[in-house]
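What follows is one structure encoded as structure tokens, with my remarks underneath.
Numbering (the numbering used here), first residue to last: 36 to 181.
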């Protein structure tokens, strides 16, 4: 409202709480979008040139770590229990895709055992996950850029 001398009185809006709220929301969204998919199981995937896997309807993720322990969707299982769970999944849906993530240092025998159990259960849609190959050009760019 204007007074006789031409100045307004009152009516100021403090935007400091609004700025604080927006800043906290930005921090929240930045932190919540940087979480890893499976932070509990640490493996070193081997490298391969082909990388794409189509998204399927139903999938089981088998992880074999460097010590040979087997995980089914982040749950530690014994080899006998793995066979039972795979057979139950095969009875439920034959088109279930099995994604195998094996550590680079996992034993060859353990990986063959896992593949054998998957096929014995009747699941034939299998993909072995790898990480993308680091090209020599990208490595040389990092070395020469001093």
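Beta carbons: idealized from backbone N, C-alpha and C, even for Gly.
Secondary structure at residue i, three-state DSSP: helix, strand or coil?
i	result
residue 162	strand
residue 136	strand
residue 56	helix
I believe residue i touches residue j by the beta-carbon criterion, under 8 Å. Please report the beta-carbon distance rounded to the nearest angstrom.
i	j	result
residue 100	residue 125	That belief does not hold up - the Cβ atoms of residue 100 and residue 125 are roughly 24 Å apart, past 8 Å.
What's the call for residue i, buried or exposed, on a 16-neighbour Cβ count within 10 Å?
i	result
residue 68	exposed
residue 128	exposed
residue 50	exposed
residue 95	buried
residue 137	buried
residue 105	buried
residue 56	exposed
residue 117	buried
residue 149	buried
residue 97	buried
Going by C-alpha distance, which of the options is nearest residue i?
i	options	result
residue 102	77, 161, 123 and 158	77
residue 13	52, 114, 131 and 66	Past the edges of the chain, shown from 36 to 181, lies residue 13, and the structure says nothing about it.
residue 153	167, 62 and 130	130
Original post:
Taking one C-beta from the segment 109 to 124 and one from the segment 147 to 161 each time, how about it: are there three or more such pairs within less than 8 Å?
Top reply: By the C-beta criterion, the segment 109 to 124 is judged to be in contact with the segment 147 to 161, since at least 3 inter-stretch pairs fall below 8 Å.
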